[in-house]
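One structure is given here, and the rest of the page talks about it.
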Amino acid sequence: MTAVAVAPAEARARQVWDRLGAVTDPELDESVTELGFVTDVDVADDGAVQIRFRLPTYWCAANFAFLMADDMRRAVLALPWATSAQVELGDHMYAEAINRGMAQGLAFRDAFDGEADGDLEEIRRTFILKAFQRRQEAVIRHLLDQDRDPAALRALDVDALRGLDVGAEGRRLVDRYLDLRQDVVGAGGPAFVDDGGAAITAEGWQAHLASLRRVWINTEFNGALCRGLLAARFSEDPPVPGAEPTLVDFIRQLPADGR
Amino acid sequence: MYRTKDGEEIFIIDGHVHLWDGRPENWKNVHGQQFIDCFYGYHTFLQPKDRQWSREKFYNYGAETMYNDLFVQGYDDMAIFQPTYLKDFYVNGFNTLEQNAVLKTKYPDRFILNGAFDPRDGEAGLARLEEDAATHGLKGVKLYTAEWKGDSKGYKLSDPGAQKFLERAEKLGIKNIHVHKGPTILPLNRDAFDVADIDDAATSFPNLNFIVEHCGLPRLDDFCWIATQETNVYGGLAVALPFIRNQPKYFAHVISQLLMWLGEDKLLYGSDYGIWTPDWLVEDLMAFELPEDITRETGAKLTLQAKKKILGLNAARLYDVDIEAKKAVLADARQSVAAE
């Protein structure tokens, strides 16, 4: 008989970080760990996991914050050894409501005591669709930059796209796209399709690309602002060891001093 | 005034400026601090490093600094005040018509004062609008449809209450309705970026102009679609323009979409001062050329004529500014200052 090896806390924490890496900001379609949202992961001996995260502003949309917190909780609870997952949001206007909702496993609507009347699932679907469009655009753009013929791209099916020699970056983009393509329109069929799974015709190709491009412009606006605001808010530039504090350091201290 | 290398004078109307009081003594609660700190985040992100302010200066830069930054260091010839009340966060309000009026009184030829209304204020709000219009001769208002008020999590321009205010505005000669649709505060679960209500209002009020501030970013696609359907819908470039320096390729995509869908007659420059300053924004826009691959993709062109329209001619048309007459007045003012 072999005893099940108990992973040390550090290895478990690594597993948690891995899982969290697959959770995305629904609006930006980027990993919450790569965005720098997750600040702490603690794993107790009994398998209880505690995660702390932050967002670029105090005002970031509460629905997205709630979705991310919920996705993180689920991702962690999928680990076989995880007994509980506590997710805590800091420095946010609705931190209290969201954290309480997480702790009690409440639905979004209930966490906000009836203040919220929206359907989170609908928002989730909307943004999965946008991510699908954005990922598709990235793949097509990458392939066109390799001077591939648009007609040949239209003729590709999913397997052929997967088998294409597109380089390492291309591979990453294709994998990301096909993951989501399966969720949105199902497996198989033409590689590049509209939201309903229909192939793109030669006549519709330019319009299709233009509409995908606009989705990219929209999400990139949010993405760029989020990254910039996050860096500004938490002053990401690491301090130079041993350096004398400068005026900037004192200015950064200001908000902590309060009134 | 901006002068091209060939000596051509370009008259600049800044469509979006603020004079706020973000000092701790004006904070009503933590939201007041978080709001101005969020603005400071925008500032440190996109304002060039060598022109960034300390947080303390950002909280309260004062009227004379503003005048200097816009008209002496910057190229603005005129600027339009867009008030932001936020009375729930700030003891005396953040940036009100009354505060702005002080500068307008001191420099009457430089500023255009816009007011604000909230349809949820009902009859009292209508009376207030009448009074403000009479006192200040308003030609425009700035609206925040996503702002919370009591139990309300915002409103739509298509709401009956809003229609009543728009009717009154038209009657009072307030023909320019600036609507904030962009990065927003307090979006709980509604889609605060939604621009669909603009469509409705623009159709119902063909004599009013609807200037969508921040171009409905991040809903550029919906906004462009609506703006092509309605001839009285405009795009304000505040917040989009500052990307021009550290993300020029991205800015090129945005401006070419706007040029393609709305056209050069429908776009208004705005610095969003004090988040950003007009000096570098105007220089960069004047020097900007669309990359060839984007021009090929969209067919959009950013010509000198387009830049002149964006930087001043379009706003002059909306606000009945006679540019030649204004140039003469401002030149006289400069001479009398020099003579003193």
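Just so you know, the sequences run in chain order A and B.
In this text, residue positions in the first sequence follow my numbering: the first is 0, and each later residue adds one.
In this text, residue positions in the second sequence follow my numbering: the first is 132, and each later residue adds one.
Built from N, CA and C at the ideal position, the CB exists for glycine as well.
Listed in chain order, the positions of the segment 336 to 364 of chain B with a beta carbon within less than 7 Å of a beta carbon of chain A are L348, P349, R350, L351, D352.
The beta carbon of Y173 (chain B) lies closer than 7 Å to those of I406 in the same chain, with the five residues before and after it left out. Between the C-alpha atoms of L88 (chain A) and T56 (chain A) there is a straight-line separation of about 12 Å. Against chain B, a Cβ distance below 9 Å from T218 (chain A) picks out P349. Chain-order list of chain B residues neighbouring T23 (chain A): empty, with the shortest C-beta distance near 16 Å, by a criterion of under 7 Å. Taking 7 Å as the cut-off, the beta carbon of I211 (chain B) is found no closer than this to the beta carbon of G443 (chain B).
Residue range 83 to 88 is occupied by the beta strand (DSSP E) that includes Q85 (chain A), with no alpha helix (DSSP H) assigned at that position. In this structure S402 (chain B) is buried. Its beta-carbon is surrounded by 16 or more other beta-carbon atoms within 10 angstroms. Taken atom to atom, the span from the alpha-carbon of F202 (chain B) to that of K180 (chain B) is near 21 Å. When the beta-carbon positions are compared, P250 (chain B) and G292 (chain B) come within less than 7 Å of each other. The segment 141 to 211 of chain A contains, as complete alpha helix (DSSP H) runs of 4+ residues, the segments 149 to 154, 157 to 162, 166 to 184 (chain order).
The count of Cβ pairs closer than 8 Å, one atom from the segment 124 to 144 of chain A and one from the segment 100 to 110 of chain A, stays below three, leaving the stretches out of contact. A straight-line Cα-Cα distance of about 33 Å links V310 (chain B) and A462 (chain B). Residue-level contact check: T82 (chain A) does not touch chain B, since none of the beta carbons of chain B fall below 7 Å from its beta carbon. Of B:A194, B:L421, B:L351, the smallest CA-CA separation from H149 (chain B) is found for B:A194.
The DSSP-derived three-state label of Y173 (chain B) is helix.
A371 (chain B) is a Cβ neighbour of V385 (chain B), given a cutoff of 7 Å. For F176 (chain B), the closest Cβ of chain A is nearer than 7 Å. Out of A:I50, A:N62, A:L152, A:P7, the CA that lies nearest to the CA of G20 (chain A) is found in A:I50. Residues of the segment 385 to 409 of chain B whose Cβ lies closer than 8 Å to any Cβ of chain A, in chain order: V385, Q388.
I305 (chain B): not part of any beta strand (DSSP E); DSSP gives it neither H nor E. Those residues of the segment 146 to 180 of chain A placed with their C-beta closer than 7 Å to a C-beta in chain B do not exist. Taken atom to atom, the span from the alpha-carbon of F354 (chain B) to that of W279 (chain B) is near 23 Å.
For G153 (chain B), no CB of chain A lies under 7 Å from its own CB, so it is not counted at the interface with that chain.
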